[in-house]
Amino acid sequence: EVYFKNLSKQRQKEVMEKNGNNHKLRVCVATCNRADYSKLAPIMFGIKAEPQFFELDVVVLGSHLIDDYGNTYRMIEQDDFDIHTRLHTIVRGEDEAAMVESVGLALVKLPDVLNRLKPDIMIVHGDRFDALALATSAALMNIRILHIEGGEVSGTIDDSIRHAITKLAHYHVCCTRSAEQHLIAMCEDHDRILLAGCPSYDKLLSAKNKDYMSIISMWLGEDVKTRDYIVALQHPVTTDIKHSIKMFELTLDALISFNKRTLVLFPNVDAGSKEMVRVMRKKGIEHHPNFRAVKHVPFDQFIQLVAHAGCMIGNSSCGVREVGAFGTPVINLGTRQTGRETGENVLHVRDADTQDKILHALQLQFGKQYPCSKIYGDGNAVPRILKFLKSIDLKEPLQKKFCFPPVKDNISQDIDHILETQSALAVDLGGTNLRVAIVSMKGEIVKKYTQLNPKTYEDRLALILKMCVEAASEAVNVNCRILGVGISTGGRVNPREGIVLHSTKLIQEWSSVDLRTPISDALHLPVWVDNDGNCAALAERKFGHGKGIENFVTLITGTGIGGGIVHQHELIHGSSFCAAELGHIVVSLDGPECLCGSQGCIEAYASGIALQREAKKLHDDDLLLVEGMSMKEEEIVSAAHLIQAAKLGNTKAESILRTAGTALGLGVVNILHTVNPSLVILSGVLANHYVNAVKDVINRQALSSVKTVDVVVSNLADPALLGAASLVLDYTTRRIY
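Every letter in the sequence shown is one number past the one before it in full-length UniProt numbering, and letter 564, counting from 1, is 564.
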């Protein structure tokens, strides 16, 4: 919806001018069967209603033209559409070979049609083998393709066909947010994806209140009441035909036993359909008093039938998609729709291997009424699609562009590459300083640059770019080949997108910041970004005590308290990238206030800021300085003064450090009881002052099963920079991150 709010009439005028003032968009809509026509018809009506913008050509092929499947091309004529071309493309046989031959026959016939029509764009729907032939032909003949309902997930071969059409299509209209995300994940251009909803919902959501009793009487008999009949629609599963036929036989047996009036629609033209029809006739369904077997029901009437049914059963996508708009109970059998988004009205019977199981599902579902679901649309898809069509600029290059995630450039094995040292640019954004370093594969800091961290976003980003460019240039002089850029920063980070989501209070104007894009664009290198605590853990995993350890935790004790958790050799980020915020483990309900706004966090006791706060209190009360200490008048009181006072026998300072160490130790005990690591690594400037206190608290407070954990002090001089470098070096050497 936001997309169309941004589209203006001026944009449409510009597109019309680019395409030629008098040029109408020539749209070819190709329909293959009754199911896809129900989705395409609303779009066709919309196109036909705006002749000043569009010319419509209708091509009919597939099972539309077969008598056994109802000659459904007639409903297109009844809707007053001119059919420009009829193509007989189905090779009879209803088996796998016949499907392949049908695709081949369509590929032979379509070029002549497309040469004659010369459409600007072809609209293709869904995931049928006929649609694959249409998309293949149009793509090879340089005709733009608009694919309806791409990005969805279901069972059988349909998934593969749907995604193959997606890769051929130039524009995409999807029905759900999940489908949109799938298309983006498949590297499709976000600007060419429209989240419109399902076109059939435009008709569904306005159909419920129409006269329906006459329709029910016509198809099921005059004695049938609403909510007292069943609609059954089941298709073969082409990847397991034998099982799907057996399941259909069990379904019919269950329906016979259930003893309710049932409308059974013939299956589609897929491989296995002929055998399913034989099962129907073997069981006498066409002559059974409780059954009405039909090849086709017009869509307008079909939606009235399912809207007022007591239940729908089968494996048609209609059951999990359209029927939800009415809240009609649905029993979805087997795997054909596995992965589809469904409303609460759908009961899945994945392994429908007994009649009793299906019968029990009927007893549970029949006659219920569920809330209406709008997962697949809100009734406004067609206006969105028409606006989308009008926005297409025919002067744009026809060749598709795929939006691949950043990957390292292919490096040729030339002599220069062999002699150069593979390295990373590491960036550390601290509360005070901004540092950039060239780090070798072995963890050697070849060159380091340090500047004060600017206070504003613009100055900070400009300085990062300037320092990175300088370091990249210097890398040539020191014989280093830069493989990428790794950035360690405070705050919550989305490492997948390279975005700082929320910053700590120590770094101002640093929320919702995309670091990957500007740096990657400036340096033409891949860029990785992560939280400084996570980077410290990665540094230990690659270069420090954590090397080869499956499960360990790193705690940074510095200006703040942070850390990272490595579980089964992998860094844990959490569902919202907030895992391992170890400094904000609460160890006291009424403790001092933390910068996060809470009370009693480890950081409020044991961080450099907390120790500085307590040192200032002692200094203000003239209780800090002891014999052997001195301070200049202008000197700022810091945590270092508190530590020095404690070493010189200041009992007040000793008590504060003891409390801080206890708080940190309690936090570590909580970590041990939660993730049970085999190693705890204390890192940062305060680590040596806390290590013994942490071990003492573990011995007093921890469960006996975790008391044997190793607690060590990091031996890495610069974990933040080394961790940022490991983001790059682990990836480029094909280690999983």
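In this text, a Cβ means the ideal position worked out from N, Cα and C, and glycines have one as well. Just so you know, these numbers come straight off a predicted model, no measurement behind them.
{"Asked": "Under the three-state DSSP convention, the category Leu-538 falls into", "Found": "helix"}
{"Asked": "Sufficient close CB pairs (3 or more, under 8 Å) joining the segment 394 to 402 to the segment 181 to 189", "Found": "yes"}
{"Asked": "Selected residue, minimal CA-CA separation from Ala-458, among Pro-383, Lys-447, Ser-473, Val-513", "Found": "First, the amino acid is wrong: residue 458 is Glu here, not Ala. Of the candidates Pro-383, Lys-447, Ser-473, Val-513, the one whose C-alpha sits nearest the C-alpha of Glu-458 is Val-513."}
{"Asked": "Residues of its chain near Gly-314, where Cβ-Cβ distance is below 7 Å and the 5 sequence neighbours each way are ignored", "Found": "Ala-232, Leu-233, Gln-234, Leu-333"}
{"Asked": "DSSP three-state assignment for Trp-219, whether helix, strand or coil", "Found": "helix"}
{"Asked": "Whole-Å CB distance - Gly-155 paired with Thr-335, under 8 Å assumed", "Found": "4 Å"}
{"Asked": "Contact check, Pro-719 vs Ser-678, beta carbons under 7 Å", "Found": "no"}
{"Asked": "Cβ distance (whole Å) where Glu-55 is taken to contact Arg-92 below 8 Å", "Found": "The pair is not a contact, with the Cβ atoms about 34 Å apart (cut-off 8 Å)."}
{"Asked": "Complete runs of the beta strand (DSSP E) confined to the segment 96 to 145 [at least 3 residues]", "Found": "121 to 125"}
{"Asked": "Cutoff 7 Å; reference Leu-183; Cβ partners in own chain excluding five residues on either side", "Found": "Gly-150, Gly-151, Thr-166, His-172, Cys-174, Ile-193"}
{"Asked": "Contact check, Asp-130 vs Cys-32, beta carbons under 7 Å", "Found": "yes"}
{"Asked": "Exposure of Thr-262, with buried meaning 16 or more beta-carbon neighbours within 10 Å", "Found": "buried"}
{"Asked": "Leu-570 - partner residues in DSSP beta bridges", "Found": "The amino acid occupying residue 570 in the given sequence is Glu; Leu does not appear at that position. Looking at the DSSP assignment, Glu-570 forms a beta bridge with His-567."}
{"Asked": "Run of the beta strand (DSSP E) containing Thr-67, from where it starts to where it stops", "Found": "Contrary to the premise, residue 67 reads as Asp rather than Thr in this sequence. Taken as a continuous stretch (DSSP letters only), Asp-67 belongs to no beta strand (DSSP E), as it is neither H nor E."}
{"Asked": "Whole-angstrom distance between Asp-730 and Pro-495, CA atom to CA atom", "Found": "14 Å"}
{"Asked": "Contact under 7 Å by Cβ, Val-294 with Met-312", "Found": "no"}
{"Asked": "Beta-carbon proximity check, Ser-726 vs Ile-681, cutoff 7 Å", "Found": "no"}
{"Asked": "Distance, Arg-177 Cα to Ala-49 Cα", "Found": "29 Å"}
{"Asked": "Among Arg-281, Val-153, Ile-123, nearest to Gly-339 - alpha-carbon criterion", "Found": "Val-153"}
{"Asked": "Closest by C-alpha distance to Gly-608, when choosing among Gly-558, Lys-118, Thr-354, Phe-577", "Found": "Gly-558"}
{"Asked": "Own chain, CB closer than 6 Å to Leu-429, minus 5 neighbours either side, in chain order", "Found": "Thr-489"}
{"Asked": "Leu-657 versus Ile-643 - alpha carbon distance", "Found": "8 Å"}
{"Asked": "Beta-carbon proximity list for Leu-721, same chain, < 6 Å, skipping 5 on both sides", "Found": "Ala-426, Asp-428, Ala-437"}
{"Asked": "Nearest-angstrom Cα separation, counted from Ser-244 out to Gly-723", "Found": "53 Å"}
{"Asked": "Status (buried if at least 16 other CB within 10 Å, exposed otherwise) for Ser-655", "Found": "exposed"}
{"Asked": "Enclosing beta strand (DSSP E) for Thr-708 [first to last residue]", "Found": "Segment: none, Thr-708 is in no beta strand (DSSP E) and carries neither H nor E."}
{"Asked": "Three or more C-beta pairs below 8 Å linking the segment 663 to 674 and the segment 626 to 633", "Found": "no"}
{"Asked": "Straight-line gap, Ala-653 to Lys-616 (C-alpha atoms, nearest Å)", "Found": "11 Å"}
{"Asked": "Close beta carbons around Ser-373, own chain, < 6 Å, minus the five adjacent residues each side", "Found": "Gly-324, Gly-343"}
{"Asked": "CB contact flag (Ser-423, Cys-480, <7 Å)", "Found": "yes"}
{"Asked": "Distance CB(Asp-253)-CB(Gln-355) smaller than 7 Å", "Found": "yes"}
{"Asked": "Three-state secondary structure assigned by DSSP to Tyr-690", "Found": "helix"}
{"Asked": "Residues bridged to Tyr-449 [DSSP beta-bridge criterion]", "Found": "Val-436"}
{"Asked": "Best match in Gly-486, Glu-550, Val-103, Leu-666 for proximity to Arg-128 [C-alpha to C-alpha]", "Found": "Val-103"}
{"Asked": "Cα-Cα separation, Ile-303 to His-296", "Found": "13 Å"}
{"Asked": "Check whether Leu-124 and His-88 have beta carbons under 7 Å apart", "Found": "According to the sequence shown, residue 124 is Val rather than Leu. No, the Cβ-Cβ distance between Val-124 and His-88 is not below 7 Å."}
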